[in-house]
Each structure stands twice: as structure tokens, then as C-alpha cells.
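Engineer:
Number of protein chains: 2
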Amino acid sequence: MEILQNFMGPGAIETMKRINENGNVVGTIIVNSEGFPETTTLDSLTAATYSTHLRTLSHLASNALKEIDVMDDLVALRLVSRKAEAVVAPDPEFHLIVVMRRK
Amino acid sequence: MEILQNFMGPGAIETMKRINENGNVVGTIIVNSEGFPETTTLDSLTAATYSTHLRTLSHLASNALKEIDVMDDLVALRLVSRKAEAVVAPDPEFHLIVVMRRK
Numbered sequence: 032m033e034i035l036q037n038f039m040g041p042g043a044i045e046t047m048k049r050i051n052e053n054g055n056v057v058g059t060i061i062v063n064s065e066g067f068p069e070t071t072t073l074d075s076l077t078a079a080t081y082s083t084h085l086r087t088l089s090h091l092a093s094n095a096l097k098e099i100d101v102m103d104d105l106v107a108l109r110l111v112s113r114k115a116e117a118v119v120a121p122d123p124e125f126h127l128i129v130v131m132r133r134k
Numbered sequence: 032m033e034i035l036q037n038f039m040g041p042g043a044i045e046t047m048k049r050i051n052e053n054g055n056v057v058g059t060i061i062v063n064s065e066g067f068p069e070t071t072t073l074d075s076l077t078a079a080t081y082s083t084h085l086r087t088l089s090h091l092a093s094n095a096l097k098e099i100d101v102m103d104d105l106v107a108l109r110l111v112s113r114k115a116e117a118v119v120a121p122d123p124e125f126h127l128i129v130v131m132r133r134k
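Going down the list, the sequences are from chains D and P.
Letter by letter, the first sequence follows residues 32 to 134 of my numbering.
Letter by letter, the second sequence follows residues 32 to 134 of my numbering.
1. Alpha carbons only, please: which of P/92, P/124, P/100 is nearest the one belonging to residue 109 of chain D?
2. Taking contact to mean 3 or more Cβ pairs, one atom from each stretch, closer than 8 Å, check whether the region 96 to 115 of chain D and the region 96 to 106 of chain P are in contact.
3. So is residue 90 of chain P buried or exposed if we call it buried at 16+ other beta carbons inside 10 Å?
4. Among P/55, P/84, P/70, which has the Cα closest to the Cα of residue 43 of chain P?
5. Chain D beta carbons: is any one of them nearer than 9 Å to that of residue 114 of chain P?
6. Restricting to Cα atoms, I'd like to know which of P/129, P/125, P/130, P/95 is closest to residue 65 of chain P.
7. Between which two residues does the beta strand (DSSP E) harbouring residue 112 of chain D extend?
8. Given a threshold of 16 other Cβ atoms within 10 Å of its Cβ, counted over all protein chains shown, does residue 101 of chain D qualify as buried or as exposed?
9. Looking at residue 95 of chain D and residue 84 of chain P, is the spacing between their C-beta atoms short of 9 Å?
10. Between residue 49 of chain P and chain D, is the shortest Cβ-Cβ distance under 9 Å, so that the two count as touching?
11. Can you name the start and end residues of the alpha helix (DSSP H) that residue 52 of chain D belongs to?
12. May I ask which residues mark the beginning and end of the beta strand (DSSP E) holding residue 10 of chain D?
13. By how many angstroms is the C-alpha of residue 58 of chain P removed from the C-alpha of residue 131 of chain P?
14. Please compile the residues from chain P whose C-beta is within a distance smaller than 7 Å of the C-beta of residue 107 of chain D.
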């Protein structure tokens, strides 16, 4: 809960509550700057697997974008698979991951 | 044009024409299985940079998904940045990349 309070601004707890109550959302993960899933609604193995991979993908995507346009920044990365969608939003202090069912 | 005719099915040329005529689309790239941008509407340097990075990201994302659910498959990967959006759709024979302006 430390990241939520310290880095995500006053309305963050409410916002996370609303995201988690959305029927399409399977789960959320807040990954700290060391890659540890600090807060999650998923089981720890799934959270750790998503955290490790999506954090790496997010860093690689950011680097790729810098090579294309040094003035551009990654806002979000979305993995669409047959069964689900995972969105990772990067921040210097944390990564927010939201996993949803495919509509 | 080889991939378009051999692997992307009869309507592919028309579909690519329609995508390229969309005002939001900055450019498209069809990357062959060796990672070479075979057909593109972008300049060759930009096409090569996008092809190299998005193909790597797409492979990593596919592997990540297999660790989470071995029965799942990547359908598309979307990079949303401040200035643009790039979507890569993987296929065993090629990768289709579409670069769009941010709405």
C-alpha cells in the first residue's frame, strides 16, 4: 500500500477500488521499482509472473520508442491475447498492471 | 508483396490499401519471417527500427503469455506513447505493424 499512498496521488486508493470492482477486470498489480508485486488482487505466482515479464517488456518498449523518437515516451503497453488483455502503465517509481477478460 | 499474396489471403491487398488510406494511420510495415520489412509505407530507417524492436517485443510477449497460460496465444501488442500508437500482429510467417497518430 506504500506506493499507493506515496506516489499515486490522493485519489489512487479510490481509483484502484473502482478498477478492481469492474466486472471485466481479472486482477491488478502494483509493482515496485525493484520489480516486486507490492499490492495485488491476483494469486502471488500469477502476480509475480506478470510483474517480471511485463516490467521487462515495458522497459524494452520504452527503449524502442526512444530509438524511433527520443522526444516520445511510453504511456502504456497492451498485450491482447485470445483469452485476456493485460495493460501495463510505466512510472519511474512503479508499474501498474491491469488484467482484463477479452470482450 | 510476396507475403501479401502468399500468406495474407485474397482480400489482403485491399485491406492493406484501406488501412493505409485511413487518416489516422502514419504507416504500415509487413515484416517477413527473417525480420526484414518486406513491404512498407514508411521510410526504410523507421521501418527497420520498428521491425527489429516490435518483432522482438512480440516474441517476448508471446513467451510471457505461455508462462502465464500455455493454452493462450498473443493476438496483438499495442504500444501507446505520448505521440503515437504502434500495433503489431504476429503470425508464424510475418508480422504486421500499423503505426497511428494518437487520437
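Glycine included, each C-beta is placed from N, C-alpha and C at the ideal position.
Keep in mind it's a predicted model, so treat the numbers as computed, not measured.
Structural biologist: By the coordinates alone:
1. Here residue 109 of chain D is taken as the residue at index 78 of the first sequence, counted from 1. The option with the nearest alpha carbon to residue 109 of chain D is P/92.
2. yes
3. Residue mapping note: residue 90 of chain P aligns to position 59 of the second sequence, counting from 1. It counts as exposed.
4. Start at 1 with the first residue of the second sequence, and residue 43 of chain P comes out as number 12. Cα-wise, what sits closest to residue 43 of chain P is P/70.
5. Indexing the second sequence from 1 puts residue 114 of chain P at position 83. Yes, its Cβ sits closer than 9 Å to a Cβ of chain D.
6. On the second sequence, residue 65 of chain P is found 34 positions in, with the first residue counted as 1. Taking only the C-alpha atoms, the option nearest residue 65 of chain P is P/125.
7. Residue 112 of chain D sits at position 81 when you count from the first residue of the first sequence. Looking at the DSSP string, the run of the beta strand (DSSP E) that includes residue 112 of chain D is 105 to 112.
8. In the first sequence, the residue the question calls residue 101 of chain D occupies position 70. The residue in question, residue 101 of chain D, is exposed, as its Cβ has fewer than 16 Cβ neighbours within 10 Å.
9. Start at 1 with the first residue of the second sequence, and residue 84 of chain P comes out as number 53. Start at 1 with the first residue of the first sequence, and residue 95 of chain D comes out as number 64. Taking 9 Å as the Cβ cut-off, residue 84 of chain P and residue 95 of chain D qualify as a contacting pair.
10. As a first step, residue 49 of chain P must be located in the second sequence, where it is residue number 18. Residue 49 of chain P does not count as touching chain D.
11. On the first sequence, position 21 is the one that residue 52 of chain D refers to. That run of the alpha helix (DSSP H) goes 43 to 52.
12. For chain D, the structure presents residues 32 to 134; residue 10 of chain D sits outside this window and is missing.
13. What you label residue 131 of chain P is simply residue 100 of the second sequence in a count that begins at 1. What you label residue 58 of chain P is simply residue 27 of the second sequence in a count that begins at 1. Rounded to the nearest angstrom, the two C-alpha atoms are 7 Å apart.
14. The residue you call residue 107 of chain D lines up with position 76 of the first sequence. Ordered by position in chain P, the residues that pass the 7 Å Cβ test against residue 107 of chain D are 111.
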